[in-house]
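Down below is the structure, laid out as structure tokens.
Protein chains in written order, with full-length UniProt numbering: chain A, 1 to 423; chain B, 1 to 423; chain C, 1 to 423; chain D, 1 to 423.
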């Protein structure tokens with residue numbers, strides 16, 4: 001196949017809002033594991049993994065088999081919230097292999113196909129349960145682009161896109177926002193206990209255990225525990241948004257396991273289907289599940305193929321602790337490589353960030369980080385940036401990435417960083 | 001297959017918000033065309049078609065083949081908004097086979113996987129373009145369950161679920177809201193021209209050409225034209241929500257073709273993939289496409305399998321006018337059968353509603369309509385109700401339903417209506 | 001006194017927001033009854049009466065005596081909501097001479113010094129009582145300029161000044177908004193009974209019996225009764241804003257007496273003190289008075305001098321029906337003069353509007369009405385315009401205006417209208 | 001005089017929202033200087049001064065003379081925003097005696113009769129000027145009870161009274177909110193500079209130099225300067241609410257003089273008339289005065305008597321620095337007495353607070369502070385409490401209070417505190 005049909009022609013058909021195709025101006029055609037192949041046949045190592053939607057890599061062979069069978073056998077593909085065999089199998093497997101081993105008790109809502117639906121559903125239910133409107137979110141949070149989810153998201157460009165004032169949310173400092181000068185929750189706790197503070201008492205706090213879009217900011221376990229206790233003390237619901245960091249990204253299935261907390265609601269999406277298919281869950285403590293039938297609904301809440309692959313993915317990856325250990329090992333390897341880089345360029349004060357296989361390298365500026373990403377792309381590596389100024393090189397490789405690809409990708413980053421910082 | 005694995009056990013795992021599984025308490029396992037098969041082997045005729053997401057029936061063989069090939073060949077399944085070959089093919093086919101033949105010029109945004117994402121994106125852009133916040137929606141509108149979409153939705157149960165006051169929207173009477181006593185748009189036009197009316201000047205009007213959830217209310221073509229002219233005159237954007245009624249449901253690909261209008265934005269989802277896979281589009285007049293890159297984004301905006309089936313569905317069904325004519329014929333057949341029913345039970349003042357293959361039979365009450373739906377289910381037909389009191393028996397059969405199944409289903413409705421009204 | 005100290009010099013000290021001093025660019029120094037005297041000694045007939053704040057004319061001699069005594073005797077001038085003798089006397093007199101004779105039972109809140117405070121207090125309490133946020137207001141309503149009051153006000157210039165989207169209010173057509181084509185409340189009632197209408201169920205309806213700022217639109221008694229019944233039926237509170245039309249402006253003390261309704265809350269201000277002193281009341285049906293102590297407060301809620309003059313004004317003017325009858329007579333006289341004018345210039349389709357001594361003459365345009373007002377000023381008459389385009393010549397003379405001044409003022413209007421329409 | 005006309009009978013006529021009459025259940029009849037006299041003839045020392053509206057005491061003889069003359073001569077009492085001689089005289093005197101000597105340049109808007117009107121006007125204009133909606137306010141702020149002013153007020157009881165979610169405001173820590181652990185503005189500055197913070201960029205910051213209702217919290221001059229610089233740096237308008245602390249309460253005419261800052265807007269009310277008459281100003285930097293004529297208006301914006309007394313009060317008290325020095329001396333005296341009290345009861349950790357003649361003594365609890373206030377009342381002293389738990393004994397005596405009354409009042413407080421803390 002030639003590149004005569006350049007993607008550029010297509011761009012006129014598509015809205016100016018497109019973004020990734022600007023950073024990586026090639027057209028991809030095939031994908032397997034951690035490799036993406038462009039139309040011109042060139043292979044790229046994928047350190048991006050669908051922004052966390054492909055924790056098990058592209059088109060995993062065993063999931064693919066299940067998916068093909070589902071389609072071949074004319075099983076139900078679209079079922080809204082009707083009962084189907086695959087829906088039940090997913091629910092049973094999720095309970096027996098994910099919730100029960102972790103001592104967690106949640107009912108599962110299917111709020112719609114994407115992460116924003118899961119967040120919207122959680123916010124709605126938190127407000128219904130408490131009778132309050134306000135939500136506390138955190139600096140540099142990302143929870144989605146629909147109006148409710150956007151109101152608790154930090155990014156000012158995205159907030160500006162709302163076209164209406166975003167209200168009902170008050171941002172609080174995330175862990176380490178002030179370089180540990182300030183005691184955790186000092187401000188939030190003071191506002192909550194001061195009857196004259198002017199803070200509308202929140203229905204819920206929504207938090208990510210590791211902020212991906214915000215720049216790979218990993219909250220400490222003790223900070224999460226402190227937050228959980230603060231919420232309990234003030235009868236505020238805790239919503240843990242595990243859309244990007246769940247499904248094993250930080251090691252355990254849930255990113256909050258390490259902290260030993262039990263949030264009131266948990267949102268999951270991205271990698272839950274295991275195959276990059278749209279699917280989302282809102283997990284709800286049973287006593288909070290006070291919804292009327294149909295009070296929240298939607299068209300794509302019964303995705304048969306995604307149920308099938310999601311069930312299989314749990315069986316494959318979460319029957320033992322192999323993946324979790326491997327994630328720890330690979331994460332530590334990246335950290336060690338990044339530490340070496342930081343030491344090598346210590347004048348530039350690179351900051352090594354993250355947990356598990358959510359890893360970041362903070363560059364001195366967004367411009368420099370962008371150059372690293374561009375050079376990496378030229379050398380055959382897909383890696384994006386995040387953070388308020390896009391100053392963090394953000395690594396979200398598939399958890400299943402082979403060691404040689406991981407090493408090859410990191411070598412490319414080394415070279416790109418070196419080239420950029422030596423310029 | 002036995003029913004020992006009853007769905008009832010599963011219900012404890014799932015949130016109380018589930019609804020369809022309450023009306024149809026069996027578990028489905030296979031689907032083909034207009035037939036759904038339960039775990040106990042019983043077949044059901046499907047007059048529901050995934051609430052309009054399955055206009056070409058379940059698991060259409062030719063789409064299935066394309067889907068299998070896509071998966072077998074490890075083509076890109078999840079690609080955010082990166083360029084892919086299937087993305088380009090879809091865009092080109094959509095332009096050449098759908099937009100150009102209809103003389104329409106739109107850029108295409110992929111706003112996320114579901115219809116609510118398409119609506120949220122349209123509302124955001126309308127506000128950005130105009131610098132205004134307010135939206136005019138219509139009585140009994142349904143546009144989705146995320147906070148922005150919900151604020152322009154009519155249903156009070158669903159609105160109540162928001163947990164915050166829904167603002168920035170003012171409902172106006174939909175066509176025929178007052179049994180033609182009142183001139184069209186009298187109230188809206190008066191409010192727009194009166195500087196003291198207290199109506200915040202709207203950024204946009206959002207409308208469905210036929211209201212599905214609202215009770216199969218079909219606006220007349222002249223009403224839609226009048227609305228379009230009113231919007232132009234007052235420099236208000238017109239958003240046509242074609243999520244449920246597009247993709248041929250009313251005959252033409254777009255439900256607004258008949259009226260000869262050209263909305264400023266159009267939302268599509270549900271049947272656009274042709275296979276029940278999550279996918280959504282926001283069509284935007286090029287001069288309004290003023291978004292910054294990434295100002296609206298999301299994880300599931302590059303669904304490879306859905307691009308593949310969507311492209312094939314357009315090729316299969318929209319290369320000629322066969323489907324459109326068949327939809328007209330079948331719709332007329334339903335109308336004629338409903339008219340007979342209404343005549344037979346004229347004391348009960350049944351109202352026959354709809355256009356194309358979106359058809360409704362309004363019963364004297366929601367209770368009676370619910371009984372008809374239940375009896376139909378017992379007799380092997382899936383048909384739901386809609387309308388503010390669920391008083392309308394709502395038929396959304398696949399456009400491809402064979403005549404014998406259509407007749408068989410209508411016979412069941414006849415029997416059920418007769419049983420209910422003769423009781 | 002010369003005019004060397006022209007007002008123009010002062011204008012630089014004052015914000016550009018000033019308005020009346022633009023229409024009437026002279027500086028006034030003395031006032032008595034219906035005569036205002038400028039610094040250059042020229043007298044003006046006052047058909048404006050402080051926008052309804054001077055129903056008993058400027059500086060009424062008997063009220064003046066009471067006011068002087070209050071001040072001379074060092075009685076309490078500023079008392080917040082402490083008990084004072086004058087506060088008690090006012091409350092007792094208001095009850096015995098105003099409420100009891102009309103069979104009304106209200107508790108009295110002193111919400112602050114101005115009308116907007118009275119409206120804000122009523123809206124807050126209505127929301128607290130019902131637990132709902134939304135308010136229904138009417139086209140061309142005017143209720144004040146603070147954020148809560150402004151949100152239920154119609155004028156687009158004033159609304160635009162808010163700087164935030166004004167929400168929680170939905171405008172409904174006021175009486176005769178569609179020239180009687182449409183049955184009263186057809187739209188509102190339909191929205192309230194349709195569970196899918198998208199109207200947030202309102203806490204309250206707020207209405208003026210005659211809209212002053214809106215263009216002297218007088219609602220029919222049967223319309224007000226219909227509105228009152230509709231509110232009762234749907235358990236929505238009825239707030240009657242009598243700030244401009246109360247205290248006898250339309251004949252009876254309350255503008256709603258004629259309709260025989262009993263609103264849930266009534267707001268009064270403007271002429272309540274009788275002397276143009278800031279004072280306001282929110283009248284509340286006792287069973288709705290569920291406020292916590294201090295839940296609404298403010299600095300100027302115990303204006304001693306205003307209590308004194310208000311009490312005296314009630315004694316003077318509301319012990320018998322003399323004023324009410326005189327208002328009827330004078331109002332009929334204006335109406336008759338306006339009808340003659342309209343007949344004389346029938347090609348121009350002047351519209352005669354109003355009730356009691358709130359009277360309007362609608363000119364073909366705001367420009368023409370403005371010219372009439374300017375010419376009248378040149379001839380020694382103060383008369384303002386109102387309505388959405390300022391197209392209504394608005395007469396609010398003191399209720400106590402002597403017949404000769406009333407006639408002289410009407411003669412000036414005759415001349416001015418003739419000059420403008422003959423040009 | 002007997003108490004047969006007990007105030008208790010009157011209470012049934014008045015809304016339950018009344019508050020001061022609950023703390024001080026007697027009816028007052030006369031007032032002079034710092035003495036209030038009840039109907040039973042008993043005199044009370046006034047350490048409350050109309051919550052700061054009577055900085056020059058009750059019914060000051062020279063202001064009284066001016067007021068009587070105004071009324072006797074039938075000068076204009078009610079004039080909306082028409083030009084009047086007294087309006088001009090006030091504006092000229094305010095400019096020449098207040099603004100010019102302090103090197104300040106403001107245009108003056110008369111936003112309505114009370115402080116809340118001044119705040120509402122300032123917020124509206126700040127939003128219009130900047131095109132932004134959000135406001136930063138401070139913990140324990142008090143700015144008024146109308147919807148716009150209430151949204152920037154801290155007290156949760158009062159906020160709860162709104163009945164709608166209060167939005168568009170984000171509370172920031174006031175000076176010394178964390179006992180100086182945290183650098184000033186650390187949080188606000190970080191949020192403003194972080195593009196991902198989630199803080200809607202504010203139109204304005206609104207602040208009191210000393211928080212009266214919030215518990216007599218006096219910001220340090222350097223904190224105010226820092227705030228002013230921060231606002232300038234980020235192009236955010238600074239609104240200084242001087243309603244309670246202006247007109248000499250803290251020494252200088254404006255409470256912010258000491259800090260040497262020049263706010264973009266200043267609100268004044270309470271003591272501006274000098275006689276407890278309703279009057280309010282919004283001072284606006286000329287370049288920000290972009291209002292359209294009439295874009296903000298209201299009925300009571302031309303209070304003739306208040307203009308007269310306000311002008312005289314400026315002449316009397318602000319032609320030299322005598323009052324300012326006296327306020328400093330008296331304030332220091334109170335502080336010294338409070339320090340002695342705190343030393344005497346050091347186990348109870350009383351906190352001495354305030355500046356000028358705004359002074360507070362923080363008791364260990366609101367209950368104890370309330371007992372002190374009650375005992376003081378029994379002993380003939382009116383003194384209220386403030387702060388989030390009403391734990392601060394709040395002294396706002398007239399600036400003109402004679403030394404013997406000041407001492408007598410402080411003796412009563414000593415006794416009351418001793419009785420309460422020794423119990």
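C-beta atoms are modelled at their ideal positions from N, C-alpha and C, and glycine is treated no differently. Bear in mind the structure is a predicted one, so any value in this text is a computation, not a measurement.
Alpha-carbon spacing of residue i relative to residue j, whole angstroms
i: residue 378 (chain B); j: residue 420 (chain B); result: 13 Å
i: residue 4 (chain A); j: residue 37 (chain B); result: Residue placement at residue 4 (chain A) is poorly supported in this model, since its pLDDT is 39, which falls under 50; the coordinates are not used for a value here.
i: residue 282 (chain A); j: residue 144 (chain A); result: 14 Å
i: residue 204 (chain A); j: residue 78 (chain C); result: 44 Å
i: residue 373 (chain A); j: residue 355 (chain A); result: 21 Å
i: residue 71 (chain D); j: residue 167 (chain D); result: 44 Å
i: residue 194 (chain B); j: residue 388 (chain C); result: 7 Å
i: residue 150 (chain D); j: residue 399 (chain D); result: 28 Å
Chain-order list of residues whose beta-carbon lies under 7 Å from that of residue i (same chain, five-residue window excluded)
i: residue 146 (chain C); result: 116, 120
i: residue 52 (chain A); result: 212, 244, 249, 270, 271, 396
i: residue 350 (chain D); result: 341, 342, 361, 362, 363
Residues sharing a beta bridge with residue i, DSSP
i: residue 386 (chain A); result: A:392
i: residue 354 (chain B); result: B:359
Three-state secondary structure assigned by DSSP to residue i
i: residue 187 (chain D); result: helix
i: residue 278 (chain C); result: coil
i: residue 285 (chain B); result: coil
i: residue 177 (chain A); result: coil
i: residue 138 (chain C); result: strand
i: residue 44 (chain D); result: strand
i: residue 216 (chain A); result: coil
i: residue 83 (chain A); result: strand
i: residue 244 (chain B); result: coil
i: residue 14 (chain D); result: strand
i: residue 228 (chain B); result: helix
Beta-carbon contacts of residue i that lie in its chain and below 8 Å, excluding the five residues immediately before and after
i: residue 114 (chain C); result: 144, 269, 278, 280
i: residue 35 (chain B); result: 43, 44, 45, 46, 58, 405
Residues near residue i by beta carbon distance below 6 Å, same chain, minus five either side
i: residue 136 (chain A); result: 170, 172, 202, 205
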